[in-house]
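*Asks:*
Number of protein chains: 4
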Amino acid sequence: MGNTFGHLFRITTFGESHGGAVGVVVDGCPPRLPLDVADIQAELDRRRPGQSKITTPRQEKDQCEILSGLFDGQTLGTPILILVKNQDARAQDYQEMASTFRPSHADATYQAKYGIRNWQGGGRASARETIGRVAAGAIAKKILRRVAGTEILAYVERVKDLQAQVDVERVTQDEIENNILRCPDPEMTAQAIDLIDSYRQEGNSVGGVVGCVARSVPVGLGSPVFDKLEADLAKAVMSLPASKGFEIGSGFAGTTLTGREHNDEFYRDEQGRIRTRTNRSGGIQGGISNGEPIVLRVAFKPTATILQPQATVTQAGEAVLLTPRGRHDPCVLPRAVPMVEAMVALVLCDHWLQHQAQCGGWLMG
Amino acid sequence: MGNTFGHLFRITTFGESHGGAVGVVVDGCPPRLPLDVADIQAELDRRRPGQSKITTPRQEKDQCEILSGLFDGQTLGTPILILVKNQDARAQDYQEMASTFRPSHADATYQAKYGIRNWQGGGRASARETIGRVAAGAIAKKILRRVAGTEILAYVERVKDLQAQVDVERVTQDEIENNILRCPDPEMTAQAIDLIDSYRQEGNSVGGVVGCVARSVPVGLGSPVFDKLEADLAKAVMSLPASKGFEIGSGFAGTTLTGREHNDEFYRDEQGRIRTRTNRSGGIQGGISNGEPIVLRVAFKPTATILQPQATVTQAGEAVLLTPRGRHDPCVLPRAVPMVEAMVALVLCDHWLQHQAQCGGWLMG
Amino acid sequence: MGNTFGHLFRITTFGESHGGAVGVVVDGCPPRLPLDVADIQAELDRRRPGQSKITTPRQEKDQCEILSGLFDGQTLGTPILILVKNQDARAQDYQEMASTFRPSHADATYQAKYGIRNWQGGGRASARETIGRVAAGAIAKKILRRVAGTEILAYVERVKDLQAQVDVERVTQDEIENNILRCPDPEMTAQAIDLIDSYRQEGNSVGGVVGCVARSVPVGLGSPVFDKLEADLAKAVMSLPASKGFEIGSGFAGTTLTGREHNDEFYRDEQGRIRTRTNRSGGIQGGISNGEPIVLRVAFKPTATILQPQATVTQAGEAVLLTPRGRHDPCVLPRAVPMVEAMVALVLCDHWLQHQAQCGGWLMG
Amino acid sequence: MGNTFGHLFRITTFGESHGGAVGVVVDGCPPRLPLDVADIQAELDRRRPGQSKITTPRQEKDQCEILSGLFDGQTLGTPILILVKNQDARAQDYQEMASTFRPSHADATYQAKYGIRNWQGGGRASARETIGRVAAGAIAKKILRRVAGTEILAYVERVKDLQAQVDVERVTQDEIENNILRCPDPEMTAQAIDLIDSYRQEGNSVGGVVGCVARSVPVGLGSPVFDKLEADLAKAVMSLPASKGFEIGSGFAGTTLTGREHNDEFYRDEQGRIRTRTNRSGGIQGGISNGEPIVLRVAFKPTATILQPQATVTQAGEAVLLTPRGRHDPCVLPRAVPMVEAMVALVLCDHWLQHQAQCGGWLMG
């Protein structure tokens, strides 16, 4: 359980970081969507390790294969299996983890829950699992783009104490992708890269915040009461490794306003659409998208893997000092950007299908 | 869809604020749990309107009936129907809402999604829907208490800019319930009540933060990878009306630390249990509970219902000035406390059942 | 668990035969469907006890209330709660069952599974639970009729050894409802009523077969591979009390034919539609409806409640002779007819919504 | 949708007959179960084509790989990916199917539903999809054997009009596997093999019935009301290709008995267990297993693929005469035997986990 996400556009991921393969089965995809390996690979390349000096040097090409669900370049409506074989596996780097729990990793809890764990590189708890999510998210993005021109852009918004200035209405993919940090604020980016690099050199790590905006989202997505759109978005991104917080619209800062200040007044725009003058709601009201940009933020803790000695215990409970070798991401944020986009896309696509089912206009047609 | 929550301990809520009744069906409850109406009513009384000067004056007793699933004071293992009839319905207060969209309410999005809405008092989007959640949560709490002595305590942690000091390891139910704010910090409480009352008098509202700690949670709850415990907790509380943000453990503040500072070092305590010296993880590592207190925070926006004039549009799109009459909660926080507890209890109980299913020790037994 | 049926048009039933109430929550219903109590009551009246001399004399009006999900005579798209209070409860008739297991009832297995049971009248295992199904089925039928003119007719096809002749292409609701057996073959009906009545007089019971045809079913319903339409239909009717077998199309008899004889050849009819000359497939090929009438049959065992002495054991395991008093249905078939229709309608309606979600034509539109 | 089966022991199959691969992801498997490829391969070898003169001569080794979820020969509790690459693909045999609908196949309905299909060898509707089921069923069987000594045996019970005599209490795996038909009645087997072979030679096919008995099933499995054990078994086997009917216990024949004759009287056996003297209930009462052998039967139609000319239409609707080439199974029954066992095992294993979750005795412990 727990390895399937979504109701109608439903993905099941599998794979440990050092087992045979990782990947995903995508079920419920509509038929006749043009799709090929390049659609998927483009997103995986944004996620893969070894991209720059501020990500882990672990080199994996993460080359994907599509083994079912396609025919003549189109989806069949049947399950799509996307597979990435594991390659750069250095089990020896992890030998010490066979018997020792790394602080703030999943070693101890997996051992406690299952009585067994693949201690090579984090096993199922490795960020490598997100390959399946990003691959599936590429399909969800493509669907949303076709049906509504929806654009989903995540970006690094904060690194430690450095805050970027981002205009969620106008930020572009190019502004985000033109630097290794994936941050659309050039000034802050330069400082942040230096900051990350200096912590990398001392074998330490930093955290920060990834923001995300989804524009041109159809009105009406979200399913009261438990499957409110913000609730499903929260679950989606809080299931990513290292995430510690979630905000929609005004978030925690909005709690310092009064109702008078916080409410988004309605008006009718020139095209006759009902809009809100402000967007503290973050594009969602009553759990349902209102057509304004959906704006959310995700807190990511500093990477737990650091190359400094730390006090911990062995599986047998003995106190030891652990100094991991291996390779590490000094900051997960740049690689978290495509993960956040993928999770947001999966939620929106699933809710689009749900909306067609219940409210698709077929009843009265 | 969207009205069912949980996989194994599964609740389905129903009801509009001004329809015939609201309530819940609880499915999957283990058999032979002693249960009576008083267990449920005690929690509903903490949630009901009209408790104090800082909650809405709407008077509803919210008296519940249990119409199935019990026999001789014990659960049968069959669905438990808990029903609360609606009583203090003043549809006339809402007449204007029949054609006008209240800012930052769900009126406009429900109308857009469904092409129809019960405009009397918020309909399904009313906080009245949470009666079913709180009722079901009372059962979940009882189960957790019996199997593990788990104690779940929510409390008001911030009101607008007023921050309470709370010791999550020691805070007690009594400290929380001995004031109408449900805040364990007496000094801040006095100020906050005055603050809320002053905004109430001007027909305005304020928001804030509800914190929650779950102590004596069994180790091993949570299901990688999508159903990580923090992901399910995030979804649970972000499905509550007016919630805008979620944090687990160190949350957003934790992103300003380095990995060295943030990691929770392990040690073995005197009873031989593996513990962490700090708890920035918030009781969850790798999506699985580690036995430390689970600590989370939920941001609640200021109540959207205010009694001041606001610019908005009618359903037909005409600009109007709306001055709601009706009654309003100047601050949702005190009534949100039992709601947050209920949602946390539902998630933990569901995961407890899931854990028994997959890892209950029966395989090797 | 186990009390919810369907993925998108999803029902949850609740209630014991002698608890406070029985009923159903219907979630996922499309909005703006005209609906009132009479729509539901008409179907409940076909299911209720006390209709004729060949059903149980237990008198229950089974008057339903709709307590949520409706507004101004239309569905809101929110959960619909339909409730029927229990009335004619004679717990004293069942006193003996408190400690004794009735043969071929659910007493012993409920006790073994749950360690507790409501022994008054069968509790949750009572056919009274089907009230919720029939009520929900009335809504599903209404939807299918509106979107595709779908007509679902069940009928008694066999009583013990008496076989009716039924033309599935032409049989009408009137032919079925004009007699207390609900069998469209008048000759067989007269004999069968006498047969049932004679077994009733000796306190015995008989079984038989209910057939069902669904005409004007949209092409394309059914979801390979596990949710094939016939698989979901089989589950649906095999979840009815007393059912022991299921057939689709040619069923068991079809296994005596060769492939040459069994295959349904295709042709194009005058309207240009692709049809099959024969319908051994029963309207479903590859798990997907092909537009031909869906034809199925359900075997119902003779009612387990008989008023003759039978050897059995007490809960403590002592051998006793049990002679039930109470009231009994000498033959479940006439009342099973609306139950079968309801279950078939629920499956088709759910698959209609699923089909809109994945293949609704919105992708390319 | 539709490609996932089970709630807690949950499988997702993928793959077309002539795409890259077929297989399954198994989620929810308990950890620390010893498992290797040989456990899976043994069952796949019983299912694979080319076993004997009465199965299709298509030669596929169906060699499986396990690419995740295992570590040091034990399950991790994480998803298990089992993959079988497609090899003996002769797309040219199917060229004609690109534009022509084979009678009683899924060609026409897939085309109608999805607007696209992989016409090479049946695509997703091919029996090749069942590889994933059989592989997953091997794991379920292993679990059931360990926890309860449960033994699940399917066998050919009827071929066309030839009926086998089978003693469900005593039949053994050896008796079933010692002949190519997988029928424990030697006399009938000899005749049936000749019968099948003669139909094979004329390019025709035959159907029949597969029986199945599950012995030593734990008491208490099955979840009222919709997930009754017989309902889930019915769905499971009716989702197999070519199945047309299902019976549990007395089945259709039981409908000719009176209640007096049909009821299974209880007694206490020498070990003090409550048993039934007869087993017309088929091991299930009230939807819950009672510890008696679970006995069911599945009707399989004659294979739709025959090598004789048949009238049909092209995708464009033109009448044509089709004479398939390709290879065909003259009778699906011998290969259906492991499929039925797998589906029964999956249902029982899933219900075992569900039962542990709700009634596992942890509440009062």
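Residue numbers (the numbering used here), protein chains in the order written: chain A, 21 to 385; chain B, 21 to 385; chain C, 21 to 385; chain D, 21 to 385. Here a beta-carbon is modelled for each residue, glycine too, at the ideal position from N, C-alpha and C.
1. If residue 366 of chain D and residue 34 of chain A are in contact, beta carbons under 8 Å, what's the gap, nearest whole angstrom?
2. Measure the Cβ-Cβ separation of residue 55 of chain A and residue 120 of chain A and say whether it is below 8 Å.
3. Measuring only the C-alpha atoms, how far is residue 162 of chain A from residue 345 of chain D?
4. Name the DSSP bridge partner or partners of residue 220 of chain B?
5. Taking the CB atoms as reference points, tell me whether residue 146 of chain C and residue 324 of chain C lie closer together than 8 Å.
6. With contact counted as at least three CB pairs below 8 Å, one residue from each stretch, are the segment 193-201 of chain C and the segment 209-225 of chain C in contact?
7. Can you name the start and end residues of the beta strand (DSSP E) that residue 331 of chain B belongs to?
8. Which residues in the same chain have their Cβ closer than 8 Å to the Cβ of residue 252 of chain D, if we skip the five residues on either side of it in sequence?
9. Can you tell me whether residue 386 of chain C is buried or exposed, with buried defined as 16 or more other CB within 10 angstroms of its CB?
10. So with CB distances below 7 Å, who are the chain D contacts of residue 406 of chain B?
11. Would residue 37 of chain D and residue 143 of chain D qualify as a contact pair, given that the criterion is a beta-carbon distance under 8 Å?
12. Whole-angstrom Cβ separation of residue 294 of chain D and residue 302 of chain D, contact assumed at under 8 Å?
13. Counting only C-beta atoms, is residue 191 of chain A closer than 8 Å to chain D at any point?
14. Please state the DSSP three-state secondary structure of residue 191 of chain D.
15. For the alpha helix (DSSP H) containing residue 163 of chain B, list its first residue and its last residue.
16. Do you know offhand how far residue 249 of chain D's Cα is from residue 195 of chain C's?
17. Under 9 Å Cβ-Cβ, which residues of chain C neighbour residue 47 of chain B?
18. Closest Cβ-Cβ distance between residue 255 of chain D and chain C: below 8 Å?
19. Report the residue from B/52, B/85, B/159 and B/312 whose alpha carbon sits nearest the alpha carbon of residue 188 of chain B.
20. My understanding is that residue 175 of chain D touches residue 350 of chain D, with C-beta atoms under 8 Å, so please give their C-beta distance in whole angstroms.
21. How is the beta strand (DSSP E) around residue 174 of chain C delimited, first residue to last?
22. Ends of the alpha helix (DSSP H) at residue 226 of chain A?
23. Since residue 32 of chain D and residue 42 of chain D are thought to touch, with beta carbons under 8 Å apart, how far apart are those beta carbons, to the nearest angstrom?
24. What are the uninterrupted segments assigned as alpha helix (DSSP H) that are 4 or more residues long and contained completely in the segment 274-309 of chain B, given in chain order?
25. Could you check what DSSP says for residue 143 of chain C in three-state terms: helix, strand or coil?
26. Which residues in chain D sit within 7 Å of residue 98 of chain A, going by Cβ to Cβ distance?
27. Among B/71, B/78 and B/84, which residue has its Cα nearest to the Cα of residue 60 of chain B?
28. Nearest-angstrom Cα distance between residue 268 of chain B and residue 90 of chain A?
29. Is the CB of residue 367 of chain C under 8 Å away from at least one CB in chain D?
30. Using the Cβ count rule (16 or more neighbours within 10 Å means buried), how would you classify residue 256 of chain C?
31. Would you mind working out which of D/235, D/149, D/281 and D/49 sits nearest residue 306 of chain C, comparing C-alpha positions?
32. Using a Cβ-Cβ distance under 8 Å, would residue 101 of chain D count as near chain B?
33. Rounded to whole angstroms, what is the Cα-Cα separation between residue 385 of chain B and residue 377 of chain A?
34. Determine the extent of the alpha helix (DSSP H) in which residue 49 of chain C is found, giving its start and end residues.
35. Determine, for residue 379 of chain D, whether the minimum Cβ-Cβ distance to residues of chain B falls below 8 Å.
36. Assign residue 192 of chain C to buried or exposed, taking buried as 16 or more other Cβ atoms, counted over all protein chains shown, within 10 Å of its Cβ.
*Replies:* To lay it out plainly:
1. Counted from its first residue, the fourth sequence places residue 366 of chain D at position 346. Counted from its first residue, the first sequence places residue 34 of chain A at position 14. With 8 Å as the limit, residue 366 of chain D and residue 34 of chain A do not qualify as a contact, their Cβ atoms being about 18 Å apart.
2. What you label residue 55 of chain A is simply residue 35 of the first sequence in a count that begins at 1. What you label residue 120 of chain A is simply residue 100 of the first sequence in a count that begins at 1. No, these two residues do not count as a Cβ contact at 8 Å.
3. Sequence index remark: in the first sequence, residue 162 of chain A carries index 142 (1-based). Sequence index remark: in the fourth sequence, residue 345 of chain D carries index 325 (1-based). Taking the straight line joining both Cα atoms gives about 40 Å.
4. Along the second sequence, read from residue 1 onward, the residue named residue 220 of chain B stands at position 200. In the DSSP output, where bridge partners are listed per residue, residue 220 of chain B has none listed.
5. Translated into positions along the third sequence, residue 146 of chain C becomes position 126. Translated into positions along the third sequence, residue 324 of chain C becomes position 304. No. Outside cutoff.
6. yes
7. Counting from one through the second sequence, the residue named residue 331 of chain B turns up at place 311. Its beta strand (DSSP E) spans residues 330-333.
8. On the fourth sequence, residue 252 of chain D is found 232 positions in, with the first residue counted as 1. Contacts found: 242, 367, 370 and 371.
9. This structure leaves residue 386 of chain C out entirely; chain C is present only between 21 and 385.
10. There is simply no residue 406 of chain B to check, as chain B begins at 21 and stops at 385 in what is shown.
11. Sequence index remark: in the fourth sequence, residue 37 of chain D carries index 17 (1-based). Sequence index remark: in the fourth sequence, residue 143 of chain D carries index 123 (1-based). In this structure, residue 143 of chain D lies closer than 8 Å to residue 37 of chain D by Cβ.
12. Residue 294 of chain D sits at position 274 when you count from the first residue of the fourth sequence. Residue 302 of chain D sits at position 282 when you count from the first residue of the fourth sequence. Not a contact, Cβ separation roughly 17 Å.
13. The count along the first sequence starts at 1 and reaches residue 191 of chain A at position 171. No, residue 191 of chain A lies away from the interface with chain D (no Cβ there is under 8 Å from its Cβ).
14. Walking along the fourth sequence from the start, residue 191 of chain D turns up at place 171. Here residue 191 of chain D sits in coil by DSSP.
15. Locating residue 163 of chain B in the second sequence gives position 143, where the first residue counts as 1. From DSSP, the alpha helix (DSSP H) with residue 163 of chain B extends over 150-168.
16. Working through the fourth sequence from its first residue, we reach residue 249 of chain D at position 229. Working through the third sequence from its first residue, we reach residue 195 of chain C at position 175. If I take the Cα positions, the gap works out to 35 Å.
17. For the purposes of this step, residue 47 of chain B is taken as residue 27 along the second sequence, with counting starting at 1. The contacting residues are 21, 22, 23, 24, 32 and 34.
18. By 1-based counting over the fourth sequence, the position of residue 255 of chain D is 235. For residue 255 of chain D, the answer is yes, since a Cβ of chain C falls inside 8 Å of its Cβ.
19. What you label residue 188 of chain B is simply residue 168 of the second sequence in a count that begins at 1. Here the closest residue by C-alpha is B/312.
20. Numbered from its first residue, the fourth sequence carries residue 175 of chain D at position 155. Numbered from its first residue, the fourth sequence carries residue 350 of chain D at position 330. Contact doesn't hold; Cβ gap of about 19 Å is too wide.
21. Walking along the third sequence from the start, residue 174 of chain C turns up at place 154. Looking at the DSSP string, the run of the beta strand (DSSP E) that includes residue 174 of chain C is 171-179.
22. Here residue 226 of chain A corresponds to residue number 206 of the first sequence, with the count starting at 1. From DSSP, residue 226 of chain A is part of no alpha helix (DSSP H); its letter is neither H nor E.
23. Here the question's residue 32 of chain D lines up with position 12 in the fourth sequence. Here the question's residue 42 of chain D lines up with position 22 in the fourth sequence. Contact doesn't hold; Cβ gap of about 12 Å is too wide.
24. 279-282
25. For the purposes of this step, residue 143 of chain C is identified with residue 123 of the third sequence, where counting begins at 1. Looking at residue 143 of chain C - three-state DSSP - the assignment turns out to be helix.
26. Mapped onto the first sequence, residue 98 of chain A falls at position 78. The contacting residues are 36 and 144.
27. Residue 60 of chain B sits at position 40 when you count from the first residue of the second sequence. Out of B/71, B/78 and B/84, B/84 has the C-alpha closest to the C-alpha of residue 60 of chain B.
28. Position 248 of the second sequence, counted from the first residue, corresponds to residue 268 of chain B. Position 70 of the first sequence, counted from the first residue, corresponds to residue 90 of chain A. Approximately 40 Å, taken between the alpha carbons.
29. Here residue 367 of chain C refers to the residue found at position 347 when the third sequence is read from its first residue. With 8 Å as the cut-off, residue 367 of chain C does not count as an interface residue toward chain D.
30. One-based indexing of the third sequence puts residue 256 of chain C at position 236. Classification for residue 256 of chain C: buried.
31. On the third sequence, residue 306 of chain C is found 286 positions in, with the first residue counted as 1. For the residues D/235, D/149, D/281 and D/49, the minimum Cα distance to residue 306 of chain C belongs to D/149.
32. As a first step, residue 101 of chain D must be located in the fourth sequence, where it is residue number 81. Chain B, which has no Cβ nearer than 8 Å to the Cβ of residue 101 of chain D, makes this no.
33. Locating residue 385 of chain B in the second sequence gives position 365, where the first residue counts as 1. Locating residue 377 of chain A in the first sequence gives position 357, where the first residue counts as 1. Low per-residue confidence applies at residue 385 of chain B: pLDDT is 45, beneath 50, and the placement is therefore not dependable, though the value from the model is reported in the following sentence. Roughly 45 Å separates the two Cα atoms.
34. Position 29 of the third sequence holds residue 49 of chain C. Premise fails: residue 49 of chain C is in no alpha helix (DSSP H) and is neither H nor E.
35. As a first step, residue 379 of chain D must be located in the fourth sequence, where it is residue number 359. Interface residue, yes.
36. Within the third sequence, numbered from 1, the residue matching residue 192 of chain C stands at position 172. Answer is exposed; the Cβ neighbour count stays below 16.
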